[in-house]
Amino acid sequence: MEIAQNHSLKTLNTFGIAARAAFFARVETVRQLRQVLTSNIARTRPILVLGGGSNVVFTGTFAGLVIHNLIGGIDIIKEDGQQVLVAAGGGMVWHSLVEFALDKNLGGIENLSLIPGSVGAAPIQNIGAYGAELKDVFAYLEAVDLASGRQRLFTREECAFGYRNSIFKNELKDRFMITKVVLRLAKKPQVNISYGAIGEVLTASGITTPTIREVSEAVIAIRQSKLPDPARIGNAGSFFKNPVLDKIDYEGLKLEFSGIPGFPDNGSVKVPAAWLIEQCGWKGKRLGNVGVHDKQPLVLVNYGGGTGTEIVNLAADIKASVATKFGIELEPEPRII
Ligand SMILES: Cc1cc2nc3c(=O)[nH]c(=O)nc-3n(C[C@H](O)[C@H](O)[C@H](O)COP(=O)(O)OP(=O)(O)OC[C@H]3O[C@@H](n4cnc5c(N)ncnc54)[C@H](O)[C@@H]3O)c2cc1C
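So for the sequence shown, the numbering used here puts the first residue at 657; every next one is plus one.
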């Protein structure tokens, strides 16, 4: 297996940051991955697995080995009258898995349409959108231990999924490369159109009993109208998680800021980070080459030529002003590297 040196990552991260990797390898199979892992470089340097680069901020040269996961393949591995187990290679583009499911009328991931990135990264932060999360359909995954090269299976419980969280962001951070994800999809799909504007978009098109394809199209239309396309302007989607507050703290804030929105979340209250950021006057603000998107204040953008450090500094300023005004600590969603 070829390991390149001083490799540009500019086209491999959706912020379009001109970072480099000291060492870089592409892998298309588990066998190739194992070969790379036996190299001296892999044994002696830190390893970063990279998928679509849509949830990372590079702040400089990565001094170790970047392994770009391009492991493909998609298969129905089991089915009964109700459900189908679909296995997809970790390097596949997430939305092509959604397309596969839509073509076969298999329900469960239509609300997750058009989320950028790879299948293998989807469990890392338990991707979610429009009232659905990966964990709702997750069966199990296969991963390779980066230290030993051994394969391991992880069940749903073992992944310890949470809100934009899993064991792979915590105890097992950088320990495994996810090579295959297996989802349990429904043969008789039950659509979920209660979240956000999905219902309104469908009604406006005169659709009363939508198919999963129609739900997917509605989700895509909403996403395209709200979120900047990384192909045009560098970004990593939502930059901060929505903070989850104790009910009592939320009620306290409401006395001071009567318009503060909040949504019930397992006995707590989830507050839209976008609202907090907008209230601090950040919407549409530009600092040098980077800024806060003018339509969606949760999205930080690179107007071109921006560095990871500029993004991180802007995020720190936003975080500080939200903490000062509301006493809430925002937590970044993308990984800062
Ligand atoms: C415009 C836009 C919209 C977005 N909307 C959403 C959204 O609605 N919901 C949502 O949840 N996210 C959203 N995101 C964030 C992003 O798409 C997801 O987090 C996605 O899963 C990242 O996939 P990736 O392959 O690009 O991961 P990368 O950015 O390449 O990597 C992210 C992290 O995962 C690790 N990783 C990647 N692949 C593997 C693997 N195979 N094995 C082990 N570790 C791995 C990396 O080391 C890194 O720590 C959005 C991003 C953008 C740019």
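Backbone N, C-alpha and C fix where the C-beta goes; we use that ideal spot for every residue, glycine too.
Check whether residue i and residue j have beta carbons under 9 Å apart
{"i": "glycine 947", "j": "threonine 715", "result": "no"}
{"i": "phenylalanine 679", "j": "arginine 701", "result": "yes"}
{"i": "leucine 1015", "j": "isoleucine 723", "result": "Examination of residue 1015 is not possible in this model, given that the chain is present from 657 through 993 alone."}
{"i": "valine 837", "j": "alanine 757", "result": "no"}
{"i": "asparagine 725", "j": "valine 683", "result": "yes"}
{"i": "leucine 839", "j": "alanine 795", "result": "yes"}
{"i": "isoleucine 889", "j": "valine 713", "result": "no"}
{"i": "isoleucine 780", "j": "serine 822", "result": "yes"}
{"i": "asparagine 662", "j": "alanine 677", "result": "yes"}
{"i": "leucine 741", "j": "leucine 841", "result": "yes"}
{"i": "glycine 709", "j": "leucine 753", "result": "no"}
{"i": "glycine 865", "j": "glycine 746", "result": "The residue asked about is misnamed: residue 865 is threonine in this sequence, not glycine. For threonine 865 and glycine 746, no; Cβs fall outside 9 Å."}
{"i": "aspartate 921", "j": "leucine 943", "result": "no"}
{"i": "alanine 719", "j": "aspartate 731", "result": "no"}
{"i": "phenylalanine 832", "j": "asparagine 782", "result": "no"}
{"i": "serine 881", "j": "glutamate 870", "result": "no"}
{"i": "phenylalanine 982", "j": "leucine 909", "result": "yes"}
{"i": "isoleucine 697", "j": "leucine 665", "result": "no"}
Backbone secondary structure at residue i - three-state DSSP
{"i": "phenylalanine 895", "result": "coil"}
{"i": "phenylalanine 919", "result": "strand"}
{"i": "tyrosine 796", "result": "strand"}
{"i": "alanine 929", "result": "helix"}
{"i": "arginine 869", "result": "helix"}
{"i": "leucine 790", "result": "helix"}
{"i": "alanine 976", "result": "helix"}
{"i": "glutamine 661", "result": "strand"}
{"i": "threonine 963", "result": "coil"}
{"i": "phenylalanine 824", "result": "helix"}
{"i": "glutamine 781", "result": "coil"}
{"i": "valine 775", "result": "coil"}
{"i": "alanine 681", "result": "strand"}
{"i": "phenylalanine 810", "result": "strand"}
{"i": "isoleucine 876", "result": "helix"}
{"i": "isoleucine 992", "result": "strand"}
{"i": "aspartate 902", "result": "coil"}
{"i": "isoleucine 703", "result": "strand"}
{"i": "serine 924", "result": "strand"}
{"i": "alanine 908", "result": "Reading the sequence as shown, one finds glycine at residue 908 and not alanine. Helix, per DSSP."}
{"i": "arginine 676", "result": "strand"}
{"i": "asparagine 969", "result": "helix"}
Beta-carbon proximity list for residue i, same chain, < 7 Å, skipping 5 on both sides
{"i": "leucine 883", "result": "Gly893, Gln952, Val955"}
{"i": "glycine 915", "result": "none"}
{"i": "serine 695", "result": "Ile659"}
{"i": "glycine 852", "result": "Tyr786, Ile878"}
{"i": "valine 793", "result": "Gly764, Ile765, Leu839, Arg840, Leu841"}
Beta-carbon contacts of residue i that lie in its chain and below 6 Å, excluding the five residues immediately before and after
{"i": "methionine 748", "result": "Gly728, Val775"}
{"i": "tyrosine 906", "result": "Gly918, Val925"}
{"i": "serine 872", "result": "Leu758, Glu766, Ser769"}
{"i": "proline 886", "result": "Thr670"}
{"i": "glutamate 735", "result": "none"}
{"i": "tyrosine 959", "result": "Asn945"}
Contacting residues, own chain, Cβ-Cβ under 8 Å from residue i (five flanking each side not counted)
{"i": "proline 917", "result": "Val927, Pro928, Trp931"}
{"i": "aspartate 830", "result": "Pro702, Ile703, Leu704, Val705, Leu802"}
{"i": "lysine 844", "result": "Gln738, Gly763"}
{"i": "valine 957", "result": "Pro884, Ile889, Gly890, Asn891, Val946, Gly947, Val948, His949"}
{"i": "arginine 812", "result": "Lys791, Phe794, Ala795, Tyr796"}
{"i": "lysine 903", "result": "Gly923, Ser924, Val925"}
{"i": "asparagine 826", "result": "Ala816"}
{"i": "glutamate 814", "result": "Ile823"}
Residue i Cβ short of 8 Å to ligand 2 heavy atom set
{"i": "leucine 704", "result": "No copy of ligand 2 occurs in the structure displayed; its ligands are ligand 1 alone."}
Go through the region 709 to 764 residue by residue and report every complete run of the alpha helix (DSSP H) that reaches 4 residues or more, in order. 750 to 759
If we count Cβ pairs, one from each stretch, closer than 8 Å, do we get three or more for the region 755 to 769 versus the region 797 to 811? no
Does the count of Cβ pairs from the region 968 to 986 and the region 896 to 915 closer than 8 Å reach three? yes
For a minimum of 3 consecutive residues, which ranges assigned as the beta strand (DSSP E) are wholly contained in the region 826 to 866? 832 to 842
Per the contact definition of three or more C-beta pairs closer than 8 Å, is the region 688 to 696 in contact with the region 937 to 944? no
With three or more C-beta pairs closer than 8 Å as the rule, is the region 802 to 820 touching the region 969 to 984? no
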